[in-house]
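Input: a single structure, listed below in structure tokens.
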């Protein structure tokens, strides 16, 4: 094992197997993980999260999960505790599928195990609805199954709200299904703040978003409708109303960026295309002002000092090469989620689950490696290079150069010696799998 190979393990965890799950260990909370039925407003409120509380657009909502493998058992999820369906499914050990596998098996494939939806109270209409993610290829049969299971287990009548043309077409074949559309909710509404925030960025009007459109992190996008996915951006404006529960709208809340529906936005904002502006999405209105030189200088200053770069929570104090048995859920910020969850699994001693031993290299050394070789400066220079952001050929060339710099950079000989000593001491004569473990 030489330094070039060891370089690849700076942010990697050395383990024999890859199993991931979130386990709650320690103090117990009184709130339930889920309920098999919601019999009252009080029970709903105990589980619900409310967006835009105390406004005409308040949206209290609760996730639900139907397990088709377990006789179509329905779980009304404590959404205060589990923000996403996969968090509940993994956290309760219904399934340990993660990432792409979980996504494809439960949102795209027809013979899925789980039906994953949300029940919400639509304040403008004073009606209850259930819905699915707009990219979910759910079938008419499964929409009917969800309606049939919700009807006897929820204390109010619940209508179906399709979030895509396909979902709308599928639901039209379901006899007797009450339906509510997003246009019913929006009606003559000309503006809706999907995330109240203020941001600075370059307006990019995109009539049709496809694989050929280049998007920069410093752009405020003006789109016809909410897409299924986006990289982090500076703001989002759409010209058609969408559910506040869409994937992109949830991401925008997490990113802390201004996000709004503006009727006829493509036409109204075309005049700003390419401008640097300040976009302020307020509760009942919005403003767009051309950025002045002082604002742009301040933006560049903050960017150069990396004050506004989105980062996951991290711990750069931990320097030990900890074994998996020494890690718990809180170790995610120093060693990553996969590594920390393996430690939780070992601690839980679950029957029939064996986690082979291993150890992890903390993020501290990854950060040190970048700084020592001035790779962090190179990365931030690229992020602020507009040609890099918008020219695919130029970007590929620069990334090849960056990769070569990483491969040729100096690896800390002290860390190399510690890793090799640990391997020789604990795993002599054994092979090791090298696995990444991220905190984001």
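Residue numbers (my numbering): 108 to 547.
All C-beta atoms, glycine included, are put in the ideal place defined by N, C-alpha and C.
In this text the structure is predicted, and so the values were computed from the model without any measurement.
| Asked | Found |
| --- | --- |
| Nearest-angstrom Cα separation, counted from residue 365 out to residue 377 | 18 Å |
| Residue(s) in a DSSP beta bridge with residue 306 | 386 |
| Beta strand (DSSP E) runs contained entirely in the segment 178-261, provided each spans 3 or more residues | 180-184, 221-229 and 234-238 |
| Residue 143 versus residue 192 - alpha carbon distance | 16 Å |
| In chain order, each beta strand (DSSP E) run of at least 3 residues that lies wholly inside the segment 356-434 | 366-369, 383-388 and 393-397 |
| Under 8 Å between C-beta atoms of residue 435 and residue 450 | yes |
| Whole-number beta carbon distance between residue 240 and residue 226, since they are thought to touch under 8 Å | Wrong, their Cβ atoms sit about 14 Å apart, outside the cutoff. |
| Host beta strand (DSSP E) of residue 327 (start-end) | 326-330 |
| CB-CB length for residue 220 against residue 202, believed under 8 Å | 7 Å |
| Neighbourhood of residue 166 by C-beta distance below 8 Å, restricted to the same chain and skipping five residues each side | 157, 158, 159, 227, 228, 229, 230, 351 and 352 |
| Straight-line Cα distance separating residue 528 from residue 577 | Lying outside 108 to 547, the shown extent of the chain, residue 577 is not represented and no answer is given. |
| Same chain only: Cβ atoms within 8 Å of residue 498, ignoring 5 sequence neighbours per side | 321 |
| Pairwise C-alpha distance: residue 439 and residue 181 | 31 Å |
| Residue from 152, 309, 318 and 232 whose Cα sits closest to the Cα of residue 340 | 309 |
| Where residue 281 falls: helix, strand or coil (DSSP) | coil |
| Residue 153 - DSSP class collapsed to helix/strand/coil | helix |
| Closest Cα partner of residue 419 within the set 362, 457 and 373 | 362 |
| Identity of the residue in 386, 372, 545 and 495 nearest residue 443 by Cα | 545 |
| Cα-Cα separation between residue 543 and residue 281, rounded to whole angstroms | 45 Å |
| Residue-chain proximity (residue 469, chain D), Cβ-Cβ < 8 Å | No chain D is present in this structure, which holds just one protein chain. |
| Within 8 Å, strictly: CB atoms of residue 342 and residue 355 | no |
| CB of residue 183 within 8 Å of CB of residue 171, strictly | yes |
| Per DSSP, the bridge partner or partners of residue 158 | 166 |
| Residues near residue 175 in its chain [Cβ-Cβ closer than 6 Å; skip 5 each side] | 220 |
| Those residues which DSSP pairs with residue 345 across a bridge | 330 and 368 |
| Cβ separation of residue 254 and residue 284, assumed to be a contact under 8 Å, to the nearest whole Å | 6 Å |
| Cα-Cα separation, residue 151 to residue 177 | 23 Å |
| Proximal residues to residue 495 (C-beta, below 7 Å), its chain only, five neighbours per side dropped | 489, 501, 502 and 505 |
| Sub-8 Å separation of residue 388 and residue 367 beta-carbons | yes |
| Whole alpha helix (DSSP H) elements within the segment 430-509, 4-residue minimum | 439-442, 444-455, 470-479, 482-490 and 493-497 |
| Burial state of residue 267, where buried means 16 or more other Cβ atoms lie within 10 Å | buried |
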